[in-house]
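A.B. asks: Sharing a structure with you now.
Number of protein chains: 2
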Amino acid sequence: MTRTVQYRELAHVIKQSIDDGQFRLTGKLPTEDNLMKLYGVTRYCVRNAVAVLQESGDVYPVQGSGMFVRENKREGCLSLGQTRGLSAEFPGKTVQSTVLSLELEPVGDALASRLKCKASDMAYNVQRLRLVDGLPLALERSTYLKRFIPYLSEEIAQGSIWEYLRNDLGLNTGFADKVLYADRLSSAEAEALGLNAGDPCLVVEDDVYLANGEMFDASRVVYHYERAKFFTLADLK
Amino acid sequence: MTRTVQYRELAHVIKQSIDDGQFRLTGKLPTEDNLMKLYGVTRYCVRNAVAVLQESGDVYPVQGSGMFVRENKREGCLSLGQTRGLSAEFPGKTVQSTVLSLELEPVGDALASRLKCKASDMAYNVQRLRLVDGLPLALERSTYLKRFIPYLSEEIAQGSIWEYLRNDLGLNTGFADKVLYADRLSSAEAEALGLNAGDPCLVVEDDVYLANGEMFDASRVVYHYERAKFFTLADLK
DNA sequence: TAGTGGTCTAGACCACAAA
DNA sequence: TTGTGGTCTAGACCACTAT
Numbered sequence: 001m002t003r004t005v006q007y008r009e010l011a012h013v014i015k016q017s018i019d020d021g022q023f024r025l026t027g028k029l030p031t032e033d034n035l036m037k038l039y040g041v042t043r044y045c046v047r048n049a050v051a052v053l054q055e056s057g058d059v060y061p062v063q064g065s066g067m068f069v070r071e072n073k074r075e076g077c078l079s080l081g082q083t084r085g086l087s088a089e090f091p092g093k094t095v096q097s098t099v100l101s102l103e104l105e106p107v108g109d110a111l112a113s114r115l116k117c118k119a120s121d122m123a124y125n126v127q128r129l130r131l132v133d134g135l136p137l138a139l140e141r142s143t144y145l146k147r148f149i150p151y152l153s154e155e156i157a158q159g160s161i162w163e164y165l166r167n168d169l170g171l172n173t174g175f176a177d178k179v180l181y182a183d184r185l186s187s188a189e190a191e192a193l194g195l196n197a198g199d200p201c202l203v204v205e206d207d208v209y210l211a212n213g214e215m216f217d218a219s220r221v222v223y224h225y226e227r228a229k230f231f232t233l234a235d236l237k
Numbered sequence: 001m002t003r004t005v006q007y008r009e010l011a012h013v014i015k016q017s018i019d020d021g022q023f024r025l026t027g028k029l030p031t032e033d034n035l036m037k038l039y040g041v042t043r044y045c046v047r048n049a050v051a052v053l054q055e056s057g058d059v060y061p062v063q064g065s066g067m068f069v070r071e072n073k074r075e076g077c078l079s080l081g082q083t084r085g086l087s088a089e090f091p092g093k094t095v096q097s098t099v100l101s102l103e104l105e106p107v108g109d110a111l112a113s114r115l116k117c118k119a120s121d122m123a124y125n126v127q128r129l130r131l132v133d134g135l136p137l138a139l140e141r142s143t144y145l146k147r148f149i150p151y152l153s154e155e156i157a158q159g160s161i162w163e164y165l166r167n168d169l170g171l172n173t174g175f176a177d178k179v180l181y182a183d184r185l186s187s188a189e190a191e192a193l194g195l196n197a198g199d200p201c202l203v204v205e206d207d208v209y210l211a212n213g214e215m216f217d218a219s220r221v222v223y224h225y226e227r228a229k230f231f232t233l234a235d236l237k
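Just so you know, the protein sequences line up as chains A and B, in that order. The opening position of the first sequence corresponds to residue 1 in full-length UniProt numbering, with each subsequent residue numbered one higher. The opening position of the second sequence corresponds to residue 1 in full-length UniProt numbering, with each subsequent residue numbered one higher.
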């Protein structure tokens, strides 16, 4: 008998079935009763597994009727709700990063309050131009507290910092606060993105936290307004 | 003994306590055990109540340590995750709407596929300028299927359509798909918002669904880029 | 080692939808 | 009326944190 978490695994299996189109005929999942029998688990596990899929927007419930399959992404749009790094957003495409600068320096007064740390705390400041299939998509400036990210190099920054943090450093990421707004491009930003100063842009500012609630990253990303659209789900309950 | 849903009520009570600052000293909720004893409910109810607060971003869990209180809104920002109408976003301020047009007409080919209905289906098309404390914040064009919204008037549209749908029509709203991007203002849009043609703007396109999964509203809102910022939470698990 | 949240079992009854 | 998801009880043991 396996003694691992059952419901996450079950959620994954069901998600696979959805992607395989196994429920396309009815548009909904098997009943909880059937899922219990199919996978030999209790109702608790089934409901937990389905709850995972609800949160990710893969299904929605209709009491008395069933769990219906739902699209949780949009063609050509970046996902806002579940950030897993830009690389994960473009499965078929080439995601590259040009590292414009990478420095280890004190956080400074301006960011210290935002990062809830001392101004003298050390941090990696990274500036990258993110390219998708060779075209500039976004200009990113990110500050990682050294306390949590002990090492960062230009070579790593050229790839996916996100995957490095999770897979190599084993960082237990938790959640992020995001602020979005439209603005005008500065001349420096415009040049990097291949646009003109004053052109529109979409700005996303992230405060990123570990699972234990400690903030480790503050970032500001300026997106090319013609190439970046975002998709997200909202609950209206 | 009340036979109503306990956990929603409990969630509400806990939320009140949070807002009252009762957990400010420790920064976290009482333990599950204590909540059980405090409110005389089982652990199931406690965990469900806390799960509600987790989803809304009011708390986050740290296994072995506690449920910590978290900010789920940002000063001067609109909430993206839980739309309850613009009026609900500005508790202290005056939210007005100038109705630019309101017509009952067939959906037409362009919107029919998006609304998953026939082109001949009737719908209310509403255009409104949303003002906060007298200043133009956004220009909204929304299409409501008559099948679900049998009546709509200019008087209603001057107030909160959202509250009308929920409180008066008793509509059981479910969820919304949102697409966000930056763009340039057309001359008509610019004039309404008090800006210049070609200026940046933030566009939000919504597909809004009932709890049973039927889509009843398609909208496009163009926001004043200097006055509208959005705040949202992301899960990184 | 004690405290705290996470997972799981095996039931029961309620609320809503569809036939 | 039957099927299906929603709420609830009363336990048990596991995993992680803090001391």
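Each residue gets a CB set at the ideal place from its N, CA and C atoms; glycine is no exception.
1. Under 9 Å, Cβ to Cβ, is there at least one residue of chain B near Pro-200 (chain A)?
2. Strictly below 7 Å CB to CB, what residues from chain A border Val-95 (chain B)?
3. Counting C-beta neighbours from all protein chains within 10 Å, is the total for Gln-5 (chain B) 16 or more, i.e. buried, or is it exposed?
4. With a threshold of 8 Å, establish whether the CB of Tyr-164 (chain A) neighbours any heavy atom of the ligand SAH.
5. Please list the partners that Val-179 (chain A) has in chain B, where partner means a Cβ-to-Cβ separation under 9 Å.
6. Does any residue of chain B bring its CB to less than 9 Å from the CB of Tyr-60 (chain A)?
7. Which class does Val-59 (chain A) belong to by DSSP, given the choice of helix, strand or coil?
8. Quick check on this structure: which residue in B:Lys-146, B:Ala-188 and B:Arg-166 has the alpha carbon closest to the alpha carbon of Asn-196 (chain B)?
9. Name, please, each residue of chain A whose Cβ falls closer than 7 Å to the Cβ of Arg-184 (chain B).
10. Within the UniProt domain "HTH gntR-type" (4-72) of chain B, note down every full beta strand (DSSP E) run reaching 3 residues or more, in order along the chain.
11. At the level of alpha carbons, what is the spacing between Asn-212 (chain B) and Phe-175 (chain B)?
12. Is there at least one Cβ from chain B nearer than 9 Å to Tyr-223 (chain A)'s Cβ?
13. Could one say the Cβ of Asp-168 (chain A) lies closer than 9 Å to chain B's Cβ atoms, at least one of them?
14. Consult DSSP for Glu-226 (chain B) and reduce its assignment to one of helix, strand or coil.
15. Comparing the C-beta of Lys-102 (chain A) with each C-beta of chain B, is any distance below 9 Å?
16. Taking Glu-163 (chain A) and Ser-56 (chain A) to be in contact with their CB atoms under 8 Å, please state how far apart those CB atoms are, rounded to whole angstroms.
17. Just tell me which of A:Arg-166, A:Phe-68, A:Val-203 and A:Arg-8 has its CA closest to the CA of Gln-22 (chain A).
18. Assuming contact is defined by CB atoms lying nearer than 9 Å, are Pro-136 (chain A) and Ala-192 (chain A) in contact in what I supplied?
19. With DSSP run on the structure shown, which of helix, strand or coil describes residue 325 (chain A)?
20. What residues from chain A crowd round Ala-157 (chain B), counting only those whose CB sits closer than 8 Å?
21. Which residue marks the beginning of the beta strand (DSSP E) containing Arg-128 (chain A), and which one marks its end?
22. Where Lys-73 (chain B) and Val-204 (chain A) are concerned, what is the direct C-alpha to C-alpha distance, given to the nearest angstrom?
23. Specify whether the region 166-184 of chain B and the region 215-227 of chain A touch according to this definition: at least 3 beta carbon pairs, one from each stretch, less than 8 Å apart.
24. Grab the span of the beta strand (DSSP E) containing Glu-75 (chain B) for me, first residue to last.
25. Output, in chain order, the set of chain B residues within a Cβ distance shorter than 7 Å of Asn-212 (chain A).
26. Using a threshold of 9 Å, state whether the C-beta atoms of Asp-207 (chain B) and Arg-114 (chain B) are closer than that.
27. Considering only the beta carbon of each residue, do Arg-147 (chain B) and Phe-216 (chain B) sit closer than 9 Å?
28. Within the region 149-218 of chain A, note down every full alpha helix (DSSP H) run reaching 4 residues or more, in order along the chain.
29. Shortest alpha-carbon distance to Ile-161 (chain A) belongs to which of A:Ala-190, A:Arg-130, A:Lys-178 and A:Asp-177?
30. Using a 10 Å radius around the Cβ and a threshold of 16 neighbouring Cβ atoms, would you call Asp-177 (chain A) buried or exposed?
31. Which residues in the same chain have their Cβ closer than 7 Å to the Cβ of Ala-49 (chain A), if we skip the five residues on either side of it in sequence?
32. By DSSP's criteria, Thr-98 (chain B) is part of a beta bridge. Which residues make up the other side?
33. Within the same chain, show all residues whose beta-carbon is closer than 7 Å to that of Glu-32 (chain B), passing over the 5 residues directly before and after it, in chain order.
34. Counting only Cβ pairs nearer than 7 Å, list the residues of chain A close to Thr-83 (chain B).
35. In or out: Leu-236 (chain B) buried (at least 16 other Cβ within 10 Å) or exposed?
36. Could you please give me the residues that DSSP links to Ala-138 (chain B) through a beta bridge?
C.D. replies: Based on what the coordinates show:
1. Chain B contact via Cβ: present.
2. Chain-order list of chain A residues neighbouring Val-95 (chain B): empty, with the shortest C-beta distance near 18 Å, by a criterion of under 7 Å.
3. Contrary to the premise, residue 5 (chain B) reads as Val rather than Gln in this sequence. So Val-5 (chain B) ends up on the exposed side.
4. The ligand SAH is not among the ligands present in this structure, which contains no ligands whatsoever.
5. Neighbours of Val-179 (chain A) on chain B, chain order: Arg-74, Cys-77, Lys-229, Phe-230, Phe-231 and Thr-232.
6. Yes, Tyr-60 (chain A) counts as interfacial toward chain B.
7. Of the three classes helix, strand and coil, the one that applies to Val-59 (chain A) here is strand, per DSSP.
8. Among B:Lys-146, B:Ala-188 and B:Arg-166, the Cα nearest to that of Asn-196 (chain B) belongs to B:Ala-188.
9. Per Cβ cutoff of 7 Å: Pro-200.
10. Given a length threshold of 3 residues, each whole run of the beta strand (DSSP E) inside the UniProt domain "HTH gntR-type" (4-72) of chain B is given here in chain order: 59-62 and 66-69.
11. The straight-line gap from Cα to Cα measures roughly 10 Å.
12. By the rule that beta-carbons nearer than 9 Å mark a contact, Tyr-223 (chain A) touches chain B.
13. With its beta carbon at least 9 Å from every one in chain B, Asp-168 (chain A) lies outside the interface.
14. In this structure, Glu-226 (chain B) counts as coil in the three-state DSSP scheme.
15. The amino acid occupying residue 102 (chain A) in the given sequence is Leu; Lys does not appear at that position. Chain B contact via Cβ: absent.
16. Contact between Glu-163 (chain A) and Ser-56 (chain A) is ruled out by a C-beta separation of about 19 Å, above the 8 Å threshold.
17. Comparing alpha-carbon positions, the option among A:Arg-166, A:Phe-68, A:Val-203 and A:Arg-8 lying closest to Gln-22 (chain A) turns out to be A:Phe-68.
18. In contact: Pro-136 (chain A) and Ala-192 (chain A) (Cβ atoms closer than 9 Å).
19. For residue 325 (chain A) there is no data in the structure shown, the boundaries of chain A being 1 and 237.
20. Simply none; closest approach about 19 Å.
21. Taken as a continuous stretch (DSSP letters only), the beta strand (DSSP E) holding Arg-128 (chain A) covers 122-132.
22. Their Cα atoms are separated by approximately 16 Å.
23. At 8 Å Cβ cutoff, the stretches touch.
24. First-last for Glu-75 (chain B): undefined, no H or E at that position.
25. Under the 7 Å cutoff, chain B gives Val-62.
26. Going by C-beta atoms, Asp-207 (chain B) is nearer than 9 Å to Arg-114 (chain B).
27. In contact: Arg-147 (chain B) and Phe-216 (chain B) (Cβ atoms closer than 9 Å).
28. Within the region 149-218 of chain A, the runs of alpha helix (DSSP H) that reach at least 4 residues and sit entirely inside it are, in chain order, 154-158 and 187-193.
29. Minimum Cα distance to Ile-161 (chain A) is reached at A:Arg-130.
30. Only buried fits Asp-177 (chain A), as 16 or more other CB atoms lie within 10 angstroms of its CB.
31. Within its own chain, the residues whose Cβ lies closer than 7 Å to the Cβ of Ala-49 (chain A), once the five positions on either side in sequence are excluded, are Tyr-7, Leu-10, Ala-11 and Ile-14, listed in chain order.
32. Answer is B:Leu-129, bridged to Thr-98 (chain B).
33. Within the same chain, Glu-32 (chain B) has close Cβ partners Arg-43, Val-46 and Arg-47.
34. At a beta-carbon threshold of 7 Å, the residues of chain A lying near Thr-83 (chain B) are Ala-234 and Leu-236, ordered along the chain.
35. So Leu-236 (chain B) ends up on the buried side.
36. Bridge partners of Ala-138 (chain B): B:Arg-130 and B:Tyr-223.
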